[in-house]
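Step one of this worksheet: look at the structure below.
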Amino acid sequence: LDLQVTGVKVGDLAQQAIFLASFDLDLKGIAVDQPPGFSQAPLLAINNIALASSGIDLGNSEVTVSDIMLDTLAVSLERNADREINLLKVVESWLPSVAEDKDDKLDPAVSTAPVDPSAPAFELPTLMVENIQLKSVTAQVLDSIEGQPWRAGFDGLDLQVTGVKVGDLAQQAIFLASFDLDLKGIAVDQPPGFCHQKSWLSSRFHSKD
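Under the numbering used here, think of the first position of the sequence shown as 151, with each following residue one higher.
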């Protein structure tokens, strides 16, 4: 993880008065292993995530990020013979048990004071991203049907999006100035009892708008 921030100015934190002259984040070699009982393919692997921006003002109603880049992502969503899903298995291993949850409810350190309805509600600012680029994204779904292995997935996705504006998600306030998508090697296996050809195979899907 490499992080470089310049020109930091902190004012009234209650007003989110934080300004950054520049912000550069570079994260490499992200890896998430499969839980026991699944394949050897990583659940998630990312070669590089980079984020760069200048003039971030968290106190403003609109926050702008210059560039977001994700390079070489691979994900494998799987269900094993016991009908367990790898992602849920990992999440469940980090969740507290029922007994721990009951104990937490009685924790005297947790404040039970009523919320002041006149207090100003926290509102997320509108997010502007000038450029988003995804390179070499691969994904697969592994399962078994009647004891036979089954797979669906694609071999490569490249995506370029510009002028992204995200406002109130409850109102679906999302705007894209342009996008260019290139999807390669889409394949879905036949279930048992059918021919060995793929149900759907496409060498490339391209969309631009």
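Using N, Cα and C, we set each Cβ at its ideal position, and we do this for glycine too.
For clarity, every value in this text was computed on a predicted model and none was experimentally measured.
Inset, instruction - Using beta-carbon positions only, say whether Asp221 and Asn198 come within less than 8 Å of one another. - result: yes
Legend entry - Test item: CB-CB of Gly205 and Ala167 under 8 Å: no
Inset, instruction - Pick helix, strand or coil for Glu274, following the three-state DSSP scheme. - result: Note on identity: in this sequence residue 274 is Leu, with Glu being the wrong assignment. Reduced to three states, the DSSP call for Leu274 is coil.
Inset, instruction - Within its chain, find whatever has a CB closer than 6 Å to the CB of Val182; leave out the 5 residues flanking it on each side and keep chain order. - result: Leu193, Leu194
Legend entry - Inter-residue CB distance, Phe304 and Lys285 (contact presumed, cutoff 8 Å): Incorrect: roughly 14 Å between the Cβ atoms, too far for contact.
Inset, instruction - Kindly confirm or deny that the region 322-338 and the region 290-304 touch, where touching means at least three C-beta pairs closer than 8 Å. - result: yes
Inset, instruction - Let me know if Val158 comes out buried or exposed under the rule of 16 or more other beta-carbons within 10 Å of its beta-carbon. - result: exposed
Inset, instruction - Report the residue from Ala200, Asn281, Leu153 whose alpha carbon sits nearest the alpha carbon of Thr214. - result: Asn281
Inset, instruction - With distances taken Cα to Cα, identify the nearest neighbour of Leu201 among Pro275, Lys178, Glu234. - result: Lys178
Legend entry - Length of the line joining the Cα atoms of Ile180 and Leu151: 10 Å
Legend entry - Inter-residue Cα distance where the pair is Asn236 and Ala327: 36 Å
Legend entry - Burial state of Glu242, where buried means 16 or more other Cβ atoms lie within 10 Å: exposed
Legend entry - Coil, strand or helix - Ala327 by DSSP: strand
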